[in-house]
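Going left to right, the sequence shown walks through residues 147 to 334 as the working numbering numbers them. Just so you know, even glycine gets a beta-carbon here, dropped at the ideal spot from N, CA and C. What follows is one structure encoded as structure tokens, with my remarks underneath.
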Amino acid sequence: SYYITGMRNGDPYTYFVTAYNFLGEGSSSEKLTVVPFGRISEPFNLSAREYGDRVHLSWNTPNSTGNADLIKYSVYYGEDVDNLSLYRDNLISTNMTVHELTPGITYYFKIRAINKVYNSSFSDVISIRPLEIPTPPLDPQLEHGDSFINLSWKATGYMGGDPSVIYEVYLGETINDIIPIANIQGYY
């Protein structure tokens with residue numbers, strides 16, 4: 147055997163072998179053509195957007211495919227950043243949606259690209275926590291006087307994982323005719 151280095155990735159090379167002795171050189175072996183491929187770089191700009199119990203992932207293709215066709219992507223996820231499992235393999239798109247996630251739990255994601263020969267390194271790991279419905283505001287207070295009502299409350303105990311929440315204020319003359327009258331932005 148003979149190990150050849152310095153080949154240009156993506157360029158075709160044809161090789162064969164002959165044998166010779168003091169009488170001369172014999173016929174050549176079968177001619178084989180090979181195209182060396184390089185390592186593929188990792189996908190980048192992995193991002194996530196949550197939609198309740200779903201997370202939509204998107205990313206950019208690798209900067210280098212090693213001069214080989216990009217074959218597929220593999221998506222890994224889990225609740226433990228150090229122990230992510232394969233979620234989907236053989237994906238050809240640069241985006242996908244992960245379904246049936248539990249709101250309020252932080253999930254971690256990473257991806258890798260694969261060409262004909264190599265797996266890329268993993269992308270950066272990202273995390274996302276699908277939102278939940280916030281709990282009710284705490285300790286509602288009512289102050290009233292001549293033609294006014296002053297409502298106050300403490301921030302909700304749990305904002306559903308969102309750093310901001312909108313408080314909807316309702317009012318009615320009876321329990322049956324209550325309508326929303328104001329939206330107030332709150333922050334965690």
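### Message
Less than 8 Å between C-beta atoms, sequence neighbours within five positions excluded: which residues of the same chain meet that for T164?
### Response
Hits under 8 Å: E171, G172, S173, S174, S175.
### Query
When burial is assigned at 16 or more other CB atoms within 10 Å of the CB, is L288 buried or exposed?
Flag for L288 reads exposed.
### Query
Secondary structure at D323, three-state DSSP: helix, strand or coil?
It is helical.
### Task
Excluding the 5 residues preceding and the 5 following P182 in the sequence, name in chain order all residues of the same chain whose CB lies nearer than 7 Å to its CB.
For P182, the CB contacts under 7 Å within the same chain, skipping 5 residues up- and downstream, are M153, N155 in chain order.
### Where G198 falls: helix, strand or coil (DSSP)
Note: G198 maps to coil in three-state DSSP.
#### Entry: Terminal residues of the beta strand (DSSP E) in which P286 lies
Start and end: 284-291.
### Query
For V214, which three-state DSSP category applies?
Residue 214 is actually Ala in this sequence, not Val. Coil at A214, not helix or strand.
### Message
Assuming the contact rule is C-beta atoms closer than 8 Å, P208 and I186 should be a hit. Round their C-beta distance to whole Å, please.
### Response
The beta-carbon distance between P208 and I186, rounded to whole angstroms, is 5 Å. This is short enough to meet the 8 Å contact definition.
### Query
Going by the beta-carbon positions, is the gap between F255 and Y219 smaller than 9 Å?
In this structure, F255 lies away from Y219, with their beta-carbon atoms at least 9 Å apart.
### Task
Let me know if E314 comes out buried or exposed under the rule of 16 or more other beta-carbons within 10 Å of its beta-carbon.
By the neighbour-count rule (16 or more Cβ atoms within 10 Å), E314 is not buried but exposed.
### Query
What is the C-beta distance between G184 and N213, in whole angstroms, given that I count them as a contact (C-beta under 8 Å)?
About 6 Å separates the beta carbons of G184 and N213, which is inside the 8 Å limit, making them a contact pair.
### Top-ranked residue by Cα proximity to I274, from T281, P249, S210, N241
Here the closest residue by C-alpha is P249.
### Query
Is it true that the segment 263-270 meets the segment 240-248, where meeting means three or more beta-carbon pairs spaced less than 8 Å apart?
Segments in contact, no.
#### Entry: Reference D235, options D215, D226, I257, closest by Cα
Checking every option, the nearest Cα to that of D235 belongs to I257.
### Query
Between the C-alpha atoms of T281 and T320, what's the straight-line distance to the nearest angstrom?
So the alpha carbons of these two residues sit roughly 24 Å apart.
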